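Asker: Chains as they are written, first to last, in this note's numbering: chain A, 81 to 331; chain B, 119 to 475. Yeah, the Cβ is synthetic: ideal placement off N, Cα and C, and Gly gets one too. All values derive from a computational prediction rather than experimental measurement. Sharing a structure below in structure tokens format, with a few things to ask.
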């Protein structure tokens with residue numbers, strides 16, 4: 081009995097001490113903004129804006145949805161905070177531009193940000209995520225299964241009488257029948273982010289970069305189908321590396 | 119001893135009285151209804167959408183079923199919801215256009231009713247104009263060419279004067295005053311129980327049976343971007359709804375006599391768009407498309423293969439429109455059809471819970 085009491089007192093003291101020492105943990109949220117070079121693209125103008133890619137084709141966008149995951153902040157002590165969940169963005173739905181991870185409180189500090197384009201191999205499990213299944217976001221089993229990383233549908237050459245559809249879809253790459261290669265990308269920013277109160281990290285996506293760097297994309301050659309095209313999938317993976325920039329950090 | 123006896127008797131009588139009042143009047147508590155969610159749905163999909171102000175109860179569902187089949191909702195006592203939504207047709211109508219209380223036919227094909235609680239945007243009709251099943255159910259009763267009433271009042275009056283309905287509403291909703299809102303709630307409850315998740319393909323997904331090589335090849339055509347490419351709009355093995363419930367123009371017409379979603383949104387970009395139907399139960403739901411223009415699945419497949427019509431709003435997933443379509447071989451077409459038929463669920467159309475007893 082005496083022992084228990086002692087333990088209890090100890091526990092209470094510890095608990096209280098702990099509480100006393102706690103510094104407020106800032107919460108981190110993310111907002112994605114989308115551009116075509118300098119023009120903002122959002123749910124209002126997605127289907128009404130005509131843009132021109134690096135190869136010179138005039139384009140109308142029909143649908144633009146993409147997946148990002150494994151948001152990680154690493155501080156100067158090399159401690160990494162990985163946020164739960166993934167972000168499924170649909171440019172037609174403004175709500176999906178924001179991402180508030182479930183447990184998003186981290187200690188104050190200076191951090192760098194990293195996230196994954198799509199799902200890495202550990203996460204890209206066929207059929208495992210009910211919300212993504214419900215959005216029909218799946219990538220066919222014959223192409224390695226799992227999920228789409230990007231669905232970008234539209235029309236090109238819309239300034240000619242010969243406008244044609246393109247389906248720029250990205251996911252696991254199929255090398256040959258039954259042989260697949262991961263195709264996600266790790267997006268890392270070197271710019272330090274100072275976090276000492278609740279913070280919104282803005283990330284800018286320049287959609288035009290999908291068609292620009294390092295591969296100037298010629299839609300006249302590569303419009304659709306691209307999902308089963310290994311080379312196209314790998315070129316997308318390369319081009320994706322430069323579409324994101326770190327935007328404003330607001331506290 | 120005697121006093122004690124009388125006292126006990128007194129208590130028993132009082133509690134007897136009071137329990138009688140609670141069960142038969144104000145405080146009747148309806149029994150919560152447990153939806154039977156197929157394991158595949160539970161595993162693959164987010165939870166069904168049940169409005170918080172219309173939870174399913176055993177009494178509510180039973181009442182909704184009775185109303186669904188009852189001609190009392192029509193102006194002349196000749197038609198019910200079930201006249202155009204026949205259980206043996208997965209709750210659709212084998213006629214291209216349905217006949218209501220008048221001889222004037224509508225312009226759209228009746229829609230099958232199943233898995234409605236998984237329509238997460240909650241938009242109903244081919245053009246999505248009704249938000250919520252409860253709101254949807256208000257319309258047919260006062261549609262001139264469907265159940266034909268000028269307003270809900272005479273229907274409410276008939277139900278309120280009926281010898282059984284007031285009691286059934288009392289049990290389901292705790293009030294015997296019948297309103298159109300309660301009628302709609304009861305019907306919506308019944309509709310949400312119409313779950314179809316036991317097709318041959320479901321059994322295949324559950325590892326219970328195998329597909330034939332032909333059906334398997336049909337699935338591959340459905341899932342291949344360079345062949346059928348149906349899965350971007352009509353679900354896939356991990357989305358057993360077999361629809362995205364979104365609005366698309368799938369290339370039926372070059373010009374539109376029915377603007378579909380465009381009429382509702384007022385946005386010309388939406389002209390000619392209709393909600394993708396589920397591909398479950400196609401064996402029972404002919405004819406096909408919003409206007410029932412195709413009598414057979416062969417015609418539907420031929421449409422996607424060679425019959426696409428270009429227009430400003432045609433979906434960019436109809437990518438081979440310049441060649442007329444995805445150009446399937448004769449064998450591929452037959453295999454695709456064989457696969458589509460594996461999505462039909464005979465236990466759904468024969469479920470005694472869904473058929474009028």
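Assign residue 297/A to one of three DSSP states: helix, strand, or coil.
Answerer: Mapped onto the first chain, residue 297/A falls at position 217. The answer is coil: DSSP assigns residue 297/A none of H, G, I, E or B.
Asker: Which stretch, first to last residue, makes up the beta strand (DSSP E) that contains residue 131/A?
Answerer: The residue labelled residue 131/A in the question sits at position 51 within the first chain. From DSSP, the beta strand (DSSP E) with residue 131/A extends over 130-132.
Asker: Is it the case that the Cβ atoms of residue 233/B and residue 314/B are separated by a distance below 8 Å?
Answerer: Position 115 of the second chain, counted from the first residue, corresponds to residue 233/B. Position 196 of the second chain, counted from the first residue, corresponds to residue 314/B. By the CB criterion at 8 Å, residue 233/B and residue 314/B fall inside the cutoff.
Asker: List in chain order: all unbroken alpha helix (DSSP H) runs of 4+ residues lying wholly within the segment 305-369 of chain B.
Answerer: 318-323, 331-341, 349-352
Asker: Please state whether the Cβ-Cβ distance between residue 264/A and residue 200/A is less than 8 Å.
Answerer: Position 184 of the first chain, counted from the start, is the residue given in the question as residue 264/A. Position 120 of the first chain, counted from the start, is the residue given in the question as residue 200/A. Taking the C-beta atoms as reference points, residue 200/A is found nearer than 8 Å to residue 264/A.
Asker: Can you give me the start and stop residues for the beta strand (DSSP E) that residue 254/A sits inside?
Answerer: The count along the first chain starts at 1 and reaches residue 254/A at position 174. Per DSSP, residue 254/A belongs to the beta strand (DSSP E) from 253-256.
Asker: Looking at C-alpha atoms only, which residue of 140/A, 171/A, 146/A, 117/A is the closest neighbour of residue 239/A?
Answerer: In the first chain, the residue the question calls residue 239/A occupies position 159. Of 140/A, 171/A, 146/A, 117/A, the residue nearest in Cα terms is 140/A.
Asker: Determine which residues share a DSSP beta bridge with residue 197/A and list them.
Answerer: Locating residue 197/A in the first chain gives position 117, counting from the first residue. Answer is 148/A, 265/A, bridged to residue 197/A.
Asker: May I ask you to list the residues that DSSP assigns as paired with residue 406/B?
Answerer: Position 288 of the second chain, counting from 1, holds the residue named residue 406/B. In the DSSP output, where bridge partners are listed per residue, residue 406/B has 412/B.
Asker: By the criterion of Cβ-Cβ separation under 7 Å, what are the contact partners of residue 207/A in chain B?
Answerer: On the first chain, position 127 is the one that residue 207/A refers to. In chain order: 162, 356.
Asker: Any beta carbon from chain B within less than 8 Å of residue 262/A's own beta carbon?
Answerer: Numbered from its first residue, the first chain carries residue 262/A at position 182. No - not a single Cβ of chain B is within 8 Å of the one on residue 262/A.
Asker: Say whether chain A places a C-beta atom closer than 8 Å to the C-beta of residue 460/B.
Answerer: Here residue 460/B corresponds to residue number 342 of the second chain, with the count starting at 1. Chain A, which has no Cβ nearer than 8 Å to the Cβ of residue 460/B, makes this no.
Asker: List, in order along the chain, the chain A residues whose C-beta lies closer than 7 Å to that of residue 329/B?
Answerer: Residue mapping note: residue 329/B aligns to position 211 of the second chain, counting from 1. Going along chain A, no residue has its Cβ under 7 Å from residue 329/B, so there is no contact; the nearest lies around 13 Å.
Asker: Using 10 angstroms around the beta-carbon of residue 92/A, count the other beta-carbons present and answer buried if the total reaches 16, otherwise exposed.
Answerer: Here residue 92/A corresponds to residue number 12 of the first chain, with the count starting at 1. Its pLDDT being 46, under 50, residue 92/A is placed unreliably in this model, and the value from its coordinates should be taken loosely. Exposed, since its Cβ has fewer than 16 Cβ neighbours within 10 Å.
Asker: When the Cα of residue 254/B is compared with those of 453/B, 304/B, 389/B, 332/B, which residue comes out closest?
Answerer: For the purposes of this step, residue 254/B is identified with residue 136 of the second chain, where counting begins at 1. If we check each option's Cα against that of residue 254/B, 304/B comes out closest.
Asker: Apart from the five residues on each side of it in sequence, which residues of its chain come closer than 7 Å, Cβ to Cβ, to residue 141/B?
Answerer: Within the second chain, residue 141/B is the residue found at index 23, counting from 1. Any reading at residue 141/B needs caution, since the residue's pLDDT is 45, under 50, leaving its predicted position unreliable; the model's value is listed next. Answer for residue 141/B: no residue qualifies.
Asker: What residue does the alpha helix (DSSP H) around residue 207/A start on, and which one ends it?
Answerer: What you label residue 207/A is simply residue 127 of the first chain in a count that begins at 1. That residue, residue 207/A, is in no alpha helix (DSSP H); it is neither H nor E in DSSP.
Asker: Pull up the distance between the alpha-carbon of residue 254/A and that of residue 309/A, whole angstroms please.
Answerer: The sequence position of residue 254/A within the first chain is 174, counting from 1. The sequence position of residue 309/A within the first chain is 229, counting from 1. Distance from the CA of residue 254/A to the CA of residue 309/A, rounded to the nearest whole angstrom, comes to 7 Å.
Asker: Answer with buried or exposed for residue 468/B, where buried requires no fewer than 16 other C-beta atoms within 10 angstroms of its C-beta.
Answerer: As a first step, residue 468/B is located in the second chain; it is residue number 350 there, counting from the start. Answer is exposed; the Cβ neighbour count stays below 16.
Asker: Secondary structure at residue 120/A, three-state DSSP: helix, strand or coil?
Answerer: The residue given as residue 120/A occupies position 40 in the first chain. Strand, per DSSP.
Asker: Would you please state the rounded distance, in angstroms, between the beta carbons of residue 146/A and residue 269/A? I believe it to be under 8 Å.
Answerer: Numbered from its first residue, the first chain carries residue 146/A at position 66. Numbered from its first residue, the first chain carries residue 269/A at position 189. With 8 Å as the limit, residue 146/A and residue 269/A do not qualify as a contact, their Cβ atoms being about 18 Å apart.
Asker: Do residue 275/A and residue 106/A have their CB atoms nearer than 8 Å?
Answerer: By one-based count along the first chain, residue 275/A stands at place 195. By one-based count along the first chain, residue 106/A stands at place 26. Going by C-beta atoms, residue 275/A is nearer than 8 Å to residue 106/A.
Asker: Nearest to residue 325/B by alpha carbon, out of 342/B, 355/B, 197/B?
Answerer: As a working mapping, residue 325/B is identified with position 207 in the second chain. The candidate whose alpha carbon is nearest that of residue 325/B is 355/B.
Asker: Could you tell me whether the Cβ atoms of residue 111/A and residue 280/A are closer together than 8 Å?
Answerer: Here the question's residue 111/A lines up with position 31 in the first chain. Here the question's residue 280/A lines up with position 200 in the first chain. Cβ distance < 8 Å, so residue 111/A and residue 280/A count as in contact.
Asker: I think residue 271/B touches residue 146/B, with their Cβ atoms under 8 Å apart; what is that distance to the nearest whole Å?
Answerer: Position 153 of the second chain holds residue 271/B. Position 28 of the second chain holds residue 146/B. That belief does not hold up - the Cβ atoms of residue 271/B and residue 146/B are roughly 27 Å apart, past 8 Å.
Asker: Chain B beta carbons: is any one of them nearer than 8 Å to that of residue 142/A?
Answerer: One-based indexing of the first chain puts residue 142/A at position 62. Yes - at least one Cβ of chain B is within 8 Å of the one on residue 142/A.
Asker: Going by Cα to Cα distance, which pick from 207/A, 314/A, 242/A is closest to residue 251/A?
Answerer: The residue given as residue 251/A occupies position 171 in the first chain. Ranking the options by Cα distance to residue 251/A, first place goes to 314/A.
Asker: Name the DSSP bridge partner or partners of residue 242/B?
Answerer: Taking the second chain and counting its residues from 1, one reaches residue 242/B at position 124. Its beta-bridge partners are 248/B.
Asker: I want to see whether chain B comes within less than 8 Å of residue 122/A, judged by CB atoms only; does it?
Answerer: On the first chain, residue 122/A is found 42 positions in, with the first residue counted as 1. It does not: the Cβ of residue 122/A has no partner Cβ on chain B nearer than 8 Å.
Asker: With a threshold of 8 Å between beta-carbons, can residue 238/B be considered close to chain A, or not?
Answerer: For the purposes of this step, residue 238/B is taken as residue 120 along the second chain, with counting starting at 1. Yes, because at least one Cβ of chain A sits closer than 8 Å to the Cβ of residue 238/B.
Asker: Using beta carbons (cut-off 8 Å, strictly below), is residue 305/A in contact with chain B?
Answerer: Walking along the first chain from the start, residue 305/A turns up at place 225. A Cβ of chain B is located within less than 8 Å of the beta carbon of residue 305/A.
Asker: Please check the pair residue 408/B and residue 167/B, which I expect to be a contact at CB under 8 Å, by giving their CB distance rounded to whole angstroms.
Answerer: As a working note, residue 408/B is residue 290 in the second chain. As a working note, residue 167/B is residue 49 in the second chain. With 8 Å as the limit, residue 408/B and residue 167/B do not qualify as a contact, their Cβ atoms being about 23 Å apart.
Asker: Can you give the Cα-Cα distance for residue 288/A and residue 118/A, rounded to whole angstroms?
Answerer: Stepping through the first chain from its first residue, residue 288/A is reached at position 208. Stepping through the first chain from its first residue, residue 118/A is reached at position 38. Going by the C-alpha atoms only, they are around 10 Å apart.
Asker: Examine chain B for any beta-carbon lying closer than 8 Å to the beta-carbon of residue 109/A, and answer yes or no.
Answerer: Translated into the one-based positions of the first chain, residue 109/A becomes position 29. Not one chain B Cβ lies under 8 Å of residue 109/A.
Asker: Give a yes or no on whether the C-beta atoms belonging to residue 168/A and residue 219/A are separated by under 8 Å.
Answerer: For this step, residue 168/A is matched to residue 88 along the first chain. For this step, residue 219/A is matched to residue 139 along the first chain. Going by C-beta atoms, residue 168/A is not nearer than 8 Å to residue 219/A.
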